[in-house]
Structure formats: structure tokens, C-alpha cells
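One structure below.
Residue numbers (my numbering), protein chains in the order written: chain C, 48 to 615; chain P, 2 to 175.
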């Protein structure tokens with residue numbers, strides 16, 4: 048749309064709408080309230096240009112915006128009122144911060160004359176959100192709105208993305224001013240894309256070219272940098288076995304010949320074990336989270352470590368690197384290509400395959416095609432893979448359901464794995480799936496939830512009722528907070544403190560919200576039920592009764608080394 | 002490398018509301034106590050300089066610098082060891098006029114090169130500037146006279162190595 052040169056006199060709240068349209072926003076999520084009513088009044092007037100989705104809770108709104116942002120790559124927009132509206136966003140903001148999701152949150156605030164007076168629905172959301180936002184700003188004059196919003200979008204999306212919060216006092220929303228808009232393209236104190244050091248690239252290429260047993264771990268940086276193609280070229284040329292972090296899943300297809308699975312606490316056996324046998328570890332767009340590394344003192348100590356990373360603060364934060372290649376991986380991976388020799392690591396790759404077979408024998412086969420009576424989470428995911436042919440967006444909640452979704456989903460397309468990784472926010476799944484479906488209506492979106500997580504944001508079934516978002520909801524019900532229960536079983540002598548769930552009739556609840564629903568407790572009915580769900584044009588709710596005390600394996604126990612991963 | 006030591010941190014920032022909050026939250030989340038803090042304008046217009054003192058390991062110091070510089074409104078952050086800086090602190094001491102002509106106090110003032118900056122019928126005020134230990138010692142000497150008020154500033158420091166903020170800002174604009 049470009050720059051509006053002709054100044055017009057409008058209110059601050061209308062300016063908010065005009066700014067959003069200038070940023071090509073045509074969808075936002077939110078919940079109205081007193082201090083943001085002027086903006087909602089404009090949302091009503093501009094409803095043809097900017098569609099607003101009313102969720103049932105502000106947390107639902109922000110998780111939906113996260114789902115939208117993760118599936119589209121665009122910045123998610125959220126509105127909430129002051130006080131409780133704003134504080135209800137905090138979990139989602141923290142989630143977006145730790146998972147690098149671009150969001151612009153706009154909160155209403157009490158009038159500037161009331162600031163600091165403990166006015167009705169006043170909270171100091173700037174202070175509250177400071178540690179969990181990439182940037183935040185309080186607007187007290189209408190004339191600040193265009194610049195603040197332009198900066199917000201620039202900062203949220205550039206470099207390593209993250210959430211931004213703009214708090215606008217009610218008087219600034221009402222105030223009239225001469226509006227003009229200019230997109231932000233730089234902030235002098237902020238350098239989102241660090242300069243690439245060609246020397247480091249050359250040094251890295253020498254190490255990679257000489258490696259006998261190189262190993263790649265790739266993370267969400269590949270997706271955020273839209274570097275999927277560059278990454279595939281890189282591994283194709285070097286023939287290096289590559290494992291994903293949880294957030295890196297779907298950056299390359301699950302069945303890619305060089306994809307050796309997922310690292311981390313419940314990742315695959317081979318990449319965890321061989322992390323401690325490789326001679327060069329190449330980390331690409333990932334941050335060595337503690338759930339990835341296990342005990343740092345026994346993590347890849349034998350290997351030279353090369354870290355491709357956009358955020359300099361991540362370098363040497365957890366794992367000391369030998370070579371840090373700072374920059375957007377899309378650029379750095381392109382630039383390193385001419386320096387790389389064609390590699391061949393057939394024998395080394397076979398080591399991964401051997402260990403994968405071991406994992407299949409002990410765990411995977413029984414999960415996917417169980418011989419025991421109780422239903423497994425793995426077989427449900429496997430059936431979803433079959434019915435969706437790996438084309439679906441898989442949105443997972445948190446806990447065992449999430450581990451099974453990560454471990455067994457078959458991804459063919461990028462941006463297909465939407466999950467709360469760093470923060471582990473239970474209740475993320477259902478609203479994030481609504482946001483994902485809204486962002487990618489042409490794609491099948493399947494939410495994989497547990498009975499615990501579902502009930503943290505179950506009210507968002509109302510959003511489905513109202514918006515008709517055709518989200519497929521799978522509840523893997525083991526009547527436990529399964530992941531905590533698993534830890535209680537393994538580390539707390541089976542003292543199941545507050546993990547037993549007495550659950551309602553979920554099918555009735557879903558039906559109450561007008562969503563077709565069924566419950567399956569028997570293997571004979573499962574396959575057809577999954578078929579019915581995927582075939583449905585509308586939202587569908589499938590509850591599956593899962594074996595109660597099933598565990599997720601393999602497992603790198605807390606404080607263990609990745610190579611001490613347990614198979615059972 | 003991993004022994005705790007005293008570092009003086011210089012943080013150049015935009016002069017915006019809330020920057021202090023962002024800085025302090027980084028120390029807070031890593032459970033680091035700030036021993037001293039000073040905020041002032043810097044040599045560059047509209048750019049503030051925060052001077053902080055912390056006692057931590059160098060490994061941790063580097064991580065904190067990375068997380069500081071990552072903040073949008075922070076331009077650059079540097080850390081320096083004690084031998085890399087020239088630093089001073091200032092103290093003001095308010096005393097009762099009965100000690101105005103006290104010889105011991107007069108002697109202390111001379112030794113410390115402290116100044117009497119205000120004298121009234123009800124009190125007088127001494128100013129002194131120096132290293133932390135100098136001021137600690139001065140404080141101890143004067144304490145027996147019943148200080149009416151004592152206040153001291155945080156550390157301010159000039160670094161021996163160049164920090165090149167202007168270069169950085171100019172580079173960014175081009």
C-alpha cells in the first residue's frame with residue numbers, strides 16, 4: 048500500500064486500524080473491554096477490511112495469533128483491554144518470546160491522567176511484559192501511534208522474531224491528530240541482521256570438509272529464515288545426517304533420506320546417542336535448549352562445534368562453540384555452499400540407521416502397531432498420518448500427547464508443526480489450531496491434545512462454534528496428566544500427586560458447542576473414526592481412550608547425558 | 002576465567018522510558034545483584050550511559066552482555082575489569098556546626114582533599130570524591146561525629162579501551 052502522504056485528521060483508534068491495514072493485516076484476534084472500546088468501535092467500522100476473531104479468553108486470542116503466525120510466517124495481531132485483558136496475554140507473550148514468534152499485541156490502557164492511580168482495570172502491563180517482550184511501548188498521545196505501530200511490526204518480524212506490545216491509553220485512542228504513515232525500516236539502536244563474517248564461513252567450511260562423522264542439528268531458525276531450500280541444498284551436497292529440534296520439525300520432510308529424526312529428551316535414539324560420537328556438530332538455527340542437550344558437561348565434548356545462528360546472544364550461551372557463523376541462516380548457508388566439497392558419509396549414516404532399527408524394535412513398532420490391548424498415542428498419530436498423507440498441520444498441546452505428535456507425525460511441508468516448545472504451555476493447542484486454520488484455511492489442521500491441556504482452554508470450542516473454523520480435534524485421553532504421572536512413576540515411586548483426572552463427558556461438551564464428536568475406546572473402531580474426522584468438512588472432535596499408564600520413551604532423564612538415553 | 006570478579010559495565014542506550022527496567026530485568030532473571038548503578042547522559046546527544054558494577058564470573062558476564070545488547074533500545078554494552086577503568090565515586094556528608102572548627106575533621110578534609118561546599122548556622126556539608134575504599138575510610142573517620150546525613154553516588158567510570166559508540170551509530174546509518 049505504500050506511504051500515505053496526504054495527512055488526514057482522524058482519531059487515535061482509527062489510526063490504529065489504518066496502521067494495521069498499511070502493514071497488510073487483515074486478520075486479528077482479541078477480546079474487547081472498557082479501555083479498548085474506541086479501537087473496537089473502529090474494528091466494527093473497518094470490519095470489511097480487517098476481520099476480527101473473538102475468542103473466549105485473551106489467552107485463547109494470543110495462542111490463536113501464535114498459531115496464525117507460525118503457519119503463515121506473518122506477524123500475528125492481538126487486541127486486549129487493560130488490566131485483566133492485558134495480564135491474560137502474558138502466558139502467550141512469554142510463549143512467543145521463547146519460541147521466537149512474531150506478534151504485535153495492542154492493549155488498551157486507562158486514560159493517561161489516571162496512570163499510576165490504581166484506576167479501574169489498570170495494571171502496569173509495560174513493566175509486567177518487559178521481560179517477555181522483544182520490545183514494548185506505552186502510547187499516551189495519538190500522534191505517537193503511527194510510529195509506535197510501524198516500529199512494532201518492524202521489530203516483531205525482523206531478525207530473530209518475537210512479541211511486541213503496544214499499550215495505548217484511552218485518551219490517546221479518542222484524541223484526533225493529523226495522520227500519516229511510514230513503514231519502519233530501521234531503528235538505530237537495533238541491528239536485527241548481523242553482518243556476516245566471510246572468514247568464519249571459510250573456517251567452518253574447512254572443518255566441515257574434513258569431517259569424518261559430521262552431524263547436523265537444525266532448529267526453527269531454518270523455518271524462520273525461510274531457509275528450507277538452502278538447508279536442503281547444504282545437506283544434499285555435504286551428505287550429512289541431520290536431526291531436528293522439536294521446533295525444527297517439518298523444515299525438511301520427515302522421510303528425507305538424511306533426516307535422522309529428532310534430538311532431545313524424548314527424541315530419537317540414534318541422534319541422541321551419536322551426538323556424543325560425531326566429530327563435528329553443526330548446529331543450524333537452534334539454541335541448545337537444556338531439553339536438547341541434557342547434561343552439558345557430557346554433551347558432544349569430543350566434537351568441534353559450529354553454530355549457525357542469527358542471535359549473537361545464543362552463541363556460547365549453553366554450548367561453547369569452535370566456530371560461530373552469525374547471520375540469517377538463509378544467507379550463511381548460501382554463502383558457505385561454494386566452499387563446500389561434495390561429501391559422502393554412507394557408513395556414518397548407516398550407524399544412525401542401525402540405531403533407528405534398535406529403537407523400532409524396542410519402541411516404535413509397538414507404538415505404531417501395538418500388540419497389547421490398550422490404545423497407544425502413537426497408533427493414533429500413525430492413522431492421522433495415513434489419512435492426511437503427511438499434508439496436515441499438526442498442532443500439539445503439551446505433555447505426552449505432544450511428544451507422540453513430535454515423534455510420530457509425518458511431515459511433508461514446512462510450517463506444519465505448531466507447538467509450544469520453549470515454554471511448554473498447556474492449553475496452547477486448541478486456540479493455536481484455530482489460529483493455524485484461520486491462517487491456512489486450505490490446509491488440514493489437526494490439534495493433538497491431552498485431556499489436561501484441552502481443559503485449560505476448552506472454552507475456545509466456542510470460538511470454533513462462532514467462526515466455524517474446521518479444526519480437527521483429537522483428544523488423547525488417559526485420564527491423567529500423563530507426563531507428570533510418568534515422572535511420578537519413574538522418579539517419585541508412583542506417588543501420583545494430583546495427576547489423576549476425573550473428566551467430564553467431552554463428547555457432550557463438544558456437541559454442546561455444535562461440533563460433531565465421537566469417542567473411541569476400541570482399536571477396531573479407531574481407523575474408521577480417524578477417517579470420518581479427516582473426511583469431515585467441518586470441525587470434528589475425536590476423543591480416544593488411551594492406555595492409562597503408558598510412557599514416552601526413549602528418554603534422556605533429567606541430568607543425564609544424551610548418550611545415556613533410555614529405551615525403556 | 003571462572004572466578005567471580007568485579008566488572009564495571011557501560012551500557013549505551015536510547016534515552017527512553019523503561020530502558021532501566023529492561024536492563025535490571027536481565028540481571029534479575031539471572032539472580033545477579035547490582036552493586037552500583039549510575040545513569041547519565043553520555044558524550045553523544047540523546048544517548049544515555051548506564052554504569053553498573055557487578056561481581057560475577059567472566060563467562061556469565063559475556064552472556065549478560067549478549068543479552069543486554071539484544072535489547073532493541075540498547076546500542077552497545079561493554080564490560081571492563083578494574084585495571085581497565087578510571088573510576089570515581091562521590092559522597093556528601095552533612096554535619097552539625099559544632100564540628101565546623103574541629104581540628105581532626107579539618108585534618109581529614111585536607112588529607113582527603115574534601116571540600117566544604119555549604120556552611121550554614123544549622124549544618125555544614127562536605128563533598129569528597131575518590132575510590133570506594135577512600136570514601137569508606139573517610140566515612141569511618143567522620144562517623145563518630147554523628148553524621149546528620151551521608152549519601153554516596155554509584156561508580157562512574159571512564160574506560161581505558163575505546164568503546165566507539167559514534168562509529169557504531171554512523172555505521173548503522175550507512
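Every residue gets a Cβ at the ideal spot worked out from N, C-alpha and C, and that includes glycine.
Short of 6 Å in beta carbon distance, which residues of its chain neighbour residue 196 of chain C, apart from the five on each side in sequence? Order them along the chain. 66
With C-beta atoms as the reference, is residue 529 of chain C less than 8 Å away from residue 497 of chain C? yes
Any chain C beta carbon closer than 8 Å to residue 96 of chain P: no
Delimiting residues of the beta strand (DSSP E) encompassing residue 564 of chain C: 563-567
Quick check on residue 604 of chain C: does DSSP put it in helix, strand or coil? coil
At 3 residues or longer, and completely inside the segment 404-465 of chain C: list those beta strand (DSSP E) runs for me, N to C. 440-443
So, under 8 Å CB-CB, residue 151 of chain C and residue 213 of chain C are touching, yes? Tell me the CB distance rounded to an integer number of Å. 7 Å
Cross-strand partners of residue 182 of chain C (DSSP beta bridge): C:211
Run the CB neighbour count on residue 533 of chain C, radius 10 Å, all protein chains shown included, and call it buried at 16 or more, exposed below. buried
Decide if residue 549 of chain C is buried, meaning its Cβ has at least 16 other Cβ atoms within 10 Å, or exposed. exposed
Flag this pair as yes or no: are the beta carbons of residue 56 of chain C and residue 221 of chain C separated by less than 8 Å? no
Element boundaries [alpha helix (DSSP H), containing residue 309 of chain C]: Run containing residue 309 of chain C: none in the alpha helix (DSSP H); it sits in the beta strand (DSSP E), 306-309.
Considering only their Cβ atoms, is the gap separating residue 339 of chain C from residue 368 of chain C smaller than 8 Å? no
Anything in the segment 62-80 of chain P with a Cβ closer than 9 Å to a Cβ of chain C? List those residues in chain order, please. 63, 64, 66, 67, 68, 69, 70, 71, 72, 73, 74, 75, 76, 77
Residue 524 of chain C bridges to which residues according to DSSP? C:592
If we cut at 8 Å on Cβ distances, does residue 597 of chain C have a partner in chain P? no
Given a cut-off of 8 Å on the beta-carbon distance, is the pair residue 189 of chain C and residue 223 of chain C in contact? yes
Amino acids of chain P, ordered along the chain, whose beta-carbon sits closer than 8 Å to that of residue 237 of chain C: 73, 74
Through-space distance from residue 170 of chain P to residue 6 of chain P, alpha-carbon basis: 31 Å
Under the three-state DSSP convention, the category residue 54 of chain C falls into: strand
Do residue 158 of chain P and residue 87 of chain P have their beta-carbon atoms positioned less than 8 Å apart in this structure? yes
Within chain C, partners of residue 30 of chain P - CB distance below 7 Å: 178
Going by other Cβ atoms of all chains shown within 10 Å of its Cβ, with 16 needed for buried, is residue 458 of chain C buried or exposed? buried
At 3 residues or longer, and completely inside the segment 277-340 of chain C: list those beta strand (DSSP E) runs for me, N to C. 289-291, 306-309, 327-331
So which residues of chain P does residue 234 of chain C contact, with C-beta pairs closer than 7 Å? 73
If you follow the alpha helix (DSSP H) that residue 110 of chain C is in, where does it begin and where does it stop? 105-119
Please list, in chain order, all residues of the same chain as residue 168 of chain C whose beta carbon is under 8 Å from its beta carbon, the five residues on each side excluded. 80, 81, 82, 128, 129, 130, 131, 132, 157
For residue 48 of chain C, which residues from the same chain have a beta carbon less than 8 Å from its beta carbon, with the 5 sequence-adjacent residues on both sides left out? Because the pLDDT at residue 48 of chain C is just 42, under 50, the model does not fix this residue reliably, and the point stays unresolved.
So which residues of chain C does residue 19 of chain P contact, with C-beta pairs closer than 9 Å? 173, 174, 177, 183, 184, 185
Which residues mark the beginning and the end of the beta strand (DSSP E) in which residue 39 of chain P is found? 37-42
With DSSP collapsed to three states, give me the class of residue 117 of chain P. strand
Is it right to say residue 65 of chain P is buried, meaning 16 or more other beta carbons lie within 10 angstroms of its own, or is it exposed? buried
According to the Cβ coordinates, are residue 304 of chain C and residue 399 of chain C closer than 8 Å? no
Please list, in chain order, all residues of the same chain as residue 435 of chain C whose beta carbon is under 8 Å from its beta carbon, the five residues on each side excluded. 491, 493, 581
Would you say residue 34 of chain P reaches chain C, if we count a Cβ-Cβ gap shorter than 8 Å as a contact? no
Taking its Cβ as the centre, do 16 or more other Cβ atoms sit within 10 Å of residue 174 of chain P, making it buried, or is it exposed? Here residue 174 of chain P scores only 46 on pLDDT, less than 50, and its place in the model should not be relied on; the value that follows carries that caveat. With fewer than 16 Cβ atoms within 10 Å of its Cβ, residue 174 of chain P is classed as exposed.
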